[in-house]
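Protein chains in written order, with my numbering: chain A, 1 to 636; chain B, 637 to 1249. Each residue gets a CB set at the ideal place from its N, CA and C atoms; glycine is no exception.
Written as structure tokens, this is what we have:
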């Protein structure tokens, strides 16, 4: 699989800045759509947060200047009052903006996941079900959850860039005087007045400003280098530290097979973040040194600023008060530039991850969507035909269905039997258009089903899949598969599905929640009960075709027999397709279709099929029937 | 500062079992045992932090003083150079130490994670179904979930508390000439601010249930859409819009909830602003009058004014540090209570079952009911499983079949009565040694993302007998499948950890579980409905294999397919936790009781003369 995240080591990154910006603008657009109003407010907040500190810097410089100079009482009182009032005003406005921003961004992270959910919702099943699609999604998730890479990162970058730019502008304004105010010509060190001196100092400062974040980035880049190792480590940790230990279905085996030592062993193999691992060794050596340098350089920067500013002040270019202002402003400038540099680097590092996100979001749906409507036919005369249908799963080496042709007679009860892997379930998936045939076509009333509107076509089928699932919502909503429903009809369907008695015992009737995800009063239903509810859901849909895939697997013999005996009532005038391992259940079907190795190897009534002693059906039947035949000897 | 504390900590009004000092000692012990560097690095961090704080405090006042007083340029240079050099070295060292602290701390946290995992995997099985034990376990786990969880964050709390305390004391000594009234003002405003914000920020904690309910409502539709299990039903039944409505109504609720919260939280900002106004106002007034009346220089004014800021942050830091430590200690206490929770079963102290030719299992007047329930699942049952006997247990859903088998395996202890192995109460054994006597296949199983060979042997590859694995795979009918895999025995199962792993179908997994049971080669065999997912031919094949496997051993087999029990010596029909009927297949049929009735229902459709419905 060629899906490995590209190395994000700086230098190996293949993106040009134009692409990087385009990708981030797209991320901005996406998140702005999910959280309207949030970004404009964040911009205001960032500007406010970046500008207001300068008011404090400027005021305290004035105060120090006054104290070290004239010490005029009036002036001092005014400055103090101004400092205090501006501080309280700034804090309150800032707080208001913060709180408002919290409201607008409250759903930010949830929506950061929701955007993929929305993509999935619109995905064809065949695309959703592909392993590659799932792998892509899990990689996006891993990058997002474990290191915060991906689309969600845009909010931090947005704030950082705006506030860095504003800080830089503000600092430039406040520090202009440092270079324009001249040392009186009769003082020594007047050479510092020359533009050359200013340029040298600025160049030196810029150098340090870029160098410090560069060193830290170099240090951090070792993390990025270990990205894959860390991702793998995180997977090991999630599985052996979490799933293997805590999942309920493992509790028995953990004890009966003493699994902990092995779990522990694999867990210990993951050294990504602990002592003795590759990263910890690097931290002691090269990575630690780069970080040390990254921490050290800004202090040198401060030293140079102090030197330049103090010498000028000492030589009489300006007063002591201005010293604090210039030092504050230059430090802020440095902070702004370095944050800008860091954010740009961050965007560059994020680019490969964004690419993964967009690749996923841009996956095209493979199935053709037609525009024909399936006319609502009062007579329910929907005739479906498979014509030379062959199907192969993506990336599979063999066909799962080979040249299958079959016509469903309206109102017929058809049983589909065969061994695991014989193609029964694939056949159903094609019929429901969860997949499209690789070759051949499926016709509805003589027209290729691809030409119909997808949703319309789906509406003619009711299905109970073998691995059906119910939602943790009220019983009635589950049966109706929606929020609103016709209570009488829901009751009737539950009744038919054999759930009547249990319904009477439900504490809140149809409003009873299933499972306990939402309500503590929710009801845990057993596998058999769930199967009955799923059957009721299929009945409620009242579609012309009803498909039942192993609908009695979780039922005990009595419950199973009950369903069998009501089968005709349940199905009514619908065309029914019944898939089962229990051949006993085929006997009430009009016709049986036997699958083997992806082809239909037999078709007919029970008696016809059984009479062929070399047939697959015969073999299947006797594998089971021998146990029930009183005459036969015990096997084995 | 106070983050939303973990649920449950406050709800129980009773005192935590372990105190703050005891929990700090616990963490120190863990670090001492696992990774001593954590402790040394903490000390180094404290020293470096204090040094750089002091340096920063004097940096600008000292330099400004030199400028103000017009000291010789050389002296000014030197001062700047000394300060810059010291700060640069300190900052470099801090960054270096910071880069290195993570690993040791994660090691210690991982050590604790493993302690919890070990307890969870090995605790008495009955514990795993007890709601309060599960809750204890979850709470213990929440202490190790991330870098900010108590078992790792506590190091930061301790170091910053130390830094704040020491700096506060140093400031007090160094700035002894500052008016004590000024310090009192700082202490009072900080304390008031701290308690106001502590109370206000508790809003989130007080409304945490509401918040998590909204969270669940928004999470659920997403979880469903992501899940494979729901994908087909969602599409076939067009349920997307329904889920979207649920999500969006959750979104509206969340927004309204946050608005309510923020309206409350803004109080902390307002108090903070007012108190800061008061504190700084007093400080300005006091320091400016000193400056004007007693001739304090501008640089000294700056020093004292920064010192007031310093005091504010030390005191704030000390208060919130203790609060954090208190919260983390509550978390650690929960964690330790879980680790020290007493086991209902005997493990290390128990005896080892004697090796015997064959084993007899006996239930003596055994009753079992789940804690806090009214009804016995198993009711006064007496049963002897003779050495070498093959026993089938049948019955409807809910008859108590699985519970009975779990009692035999020692996964549950009876509420009343005894389970005996060769006449000895199994409760006296080391339970792990007892489990070693069983080869089992239950309905639920734990397939690990390790190699195929290791899944069969359940030990690491280096200890695995490869020949034996092949033999067991052969008997389980998996040889062909394994031979077709590129990595053979070394193929990883599952795709979560190793992306080159393979997914096994339901039938293949069941065969793998059979191979595993064969590899264990234990004298007692337990099979709980192992063929539910199989087609008739595979099912028949499995019956034959089970039959082969159980030769010469004591075996218990559960099924609701009555047909499958015919290879057993004796069949028990359970109903409502009691043995309703007992005998061989033929004798039960002859008896014409419940068993015969069930058999009739199931076999009706297989017989030629049956009427077709």
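In the DSSP assignment, find the alpha helix (DSSP H) that holds residue i and state where it starts and stops.
{"i": "residue 578/A", "result": "Taken as a continuous stretch (DSSP letters only), residue 578/A belongs to no alpha helix (DSSP H), being part of the beta strand (DSSP E) at 575-579."}
{"i": "residue 810/B", "result": "786-810"}
{"i": "residue 433/A", "result": "Element bounds for residue 433/A: n/a, residue is neither H nor E."}
{"i": "residue 969/B", "result": "934-975"}
{"i": "residue 484/A", "result": "Counting along the chain, residue 484/A falls outside any alpha helix (DSSP H), and DSSP gives it neither H nor E."}
{"i": "residue 322/A", "result": "320-361"}
{"i": "residue 848/B", "result": "844-862"}
{"i": "residue 725/B", "result": "709-758"}
{"i": "residue 397/A", "result": "Note, residue 397/A: premise wrong, no alpha helix (DSSP H); not H, not E."}
For the beta strand (DSSP E) holding residue i, just list the boundary residues, first then last.
{"i": "residue 1193/B", "result": "1190-1194"}
{"i": "residue 422/A", "result": "Element bounds for residue 422/A: n/a, residue is neither H nor E."}
{"i": "residue 1215/B", "result": "1214-1219"}
{"i": "residue 444/A", "result": "439-444"}
{"i": "residue 603/A", "result": "599-604"}
{"i": "residue 1211/B", "result": "1206-1211"}
Using a cut-off of 8 Å between C-beta atoms, extract the partners of residue i located in chain E.
{"i": "residue 987/B", "result": "Structure shown: chain E not included; protein chains present are A and B."}
Quick one: is residue i buried, meaning 16 or more other Cβ sit within 10 Å of its Cβ, or exposed?
{"i": "residue 635/A", "result": "Any answer about residue 635/A is weak, because its pLDDT of 37 lies below 50 and its placement is not dependable; what the coordinates show is given next. Exposed, since its Cβ has fewer than 16 Cβ neighbours within 10 Å."}
{"i": "residue 1106/B", "result": "buried"}
{"i": "residue 1126/B", "result": "exposed"}
{"i": "residue 624/A", "result": "buried"}
{"i": "residue 714/B", "result": "exposed"}
{"i": "residue 322/A", "result": "buried"}
{"i": "residue 637/B", "result": "Summary for residue 637/B: the model assigns pLDDT 37, below 50, so the residue's position carries little reliability; its value from the coordinates is reported in the next sentence. Result: exposed."}
{"i": "residue 1234/B", "result": "buried"}
{"i": "residue 356/A", "result": "buried"}
{"i": "residue 295/A", "result": "buried"}
{"i": "residue 744/B", "result": "buried"}
{"i": "residue 116/A", "result": "buried"}
{"i": "residue 315/A", "result": "buried"}
{"i": "residue 17/A", "result": "exposed"}
{"i": "residue 603/B", "result": "Any property of residue 603/B remains undetermined from this structure, which presents chain B solely from 637 to 1249."}
{"i": "residue 582/B", "result": "Nothing can be reported for residue 582/B, as the shown portion of chain B is limited to 637 through 1249."}
{"i": "residue 537/A", "result": "buried"}
{"i": "residue 622/A", "result": "buried"}
Apart from the five residues just before and just after residue i, which ones in its own chain have a Cβ nearer than 8 Å to its Cβ?
{"i": "residue 259/A", "result": "244, 250, 253"}
{"i": "residue 1021/B", "result": "996, 997, 998, 1027, 1044, 1190, 1192"}
{"i": "residue 615/A", "result": "594, 601, 602, 609"}
{"i": "residue 1137/B", "result": "1085, 1127, 1128, 1129, 1130, 1131"}
Could you check how far apart the C-beta atoms of residue i and residue j are, in whole angstroms? I think they sit under 8 Å.
{"i": "residue 879/B", "j": "residue 850/B", "result": "Not quite, the Cβ-Cβ distance comes to about 16 Å (not below 8 Å), so this is no contact."}
{"i": "residue 983/B", "j": "residue 1068/B", "result": "6 Å"}
{"i": "residue 716/B", "j": "residue 326/A", "result": "Not a contact, Cβ separation roughly 14 Å."}
{"i": "residue 109/A", "j": "residue 152/A", "result": "7 Å"}
{"i": "residue 909/B", "j": "residue 88/A", "result": "5 Å"}
Give me, in chain order, the residues of the same chain whose beta-carbon lies closer than 6 Å to that of residue i; leave out the 5 immediate sequence neighbours on both sides.
{"i": "residue 1231/B", "result": "1209, 1217, 1224"}
{"i": "residue 687/B", "result": "726"}
Here's a check: name, in chain order, each residue in its chain whose Cβ is nearer than 7 Å to the Cβ of residue i, leaving out the five neighbours to either side.
{"i": "residue 370/A", "result": "450, 451, 452, 453"}
>> Counting beta carbon pairs with one atom in the segment 847-861 of chain B and one in the segment 932-944 of chain B, are three or more of them shorter than 8 Å?
In response: no
> Contact between the segment 529-544 of chain A and the segment 467-476 of chain A: three or more CB pairs below 8 Å?
Replying inline: yes
> Okay, do the segment 336-353 of chain A and the segment 158-168 of chain A touch, 3+ Cβ pairs below 8 Å being the bar?
Replying inline: yes
> Is the segment 387-402 of chain A touching the segment 426-444 of chain A in the sense that three or more CB pairs, one from each, lie closer than 8 Å?
Replying inline: yes
> Counting Cβ pairs, one atom from each stretch, are 3 or more of them under 8 Å apart for the segment 414-421 of chain A and the segment 578-597 of chain A?
Replying inline: yes
> Is the number of C-beta pairs between the segment 833-849 of chain B and the segment 100-119 of chain A that are closer than 8 Å three or more?
Replying inline: no
>> Counting beta carbon pairs with one atom in the segment 909-917 of chain B and one in the segment 824-843 of chain B, are three or more of them shorter than 8 Å?
In response: yes
>> For the pair the segment 667-680 of chain B and the segment 264-273 of chain A, tell me if three or more CB-CB distances fall below 8 Å.
In response: no
> Is it a yes or a no for the segment 1093-1103 of chain B touching the segment 1146-1156 of chain B, going by three-plus beta-carbon pairs under 8 Å?
Replying inline: yes
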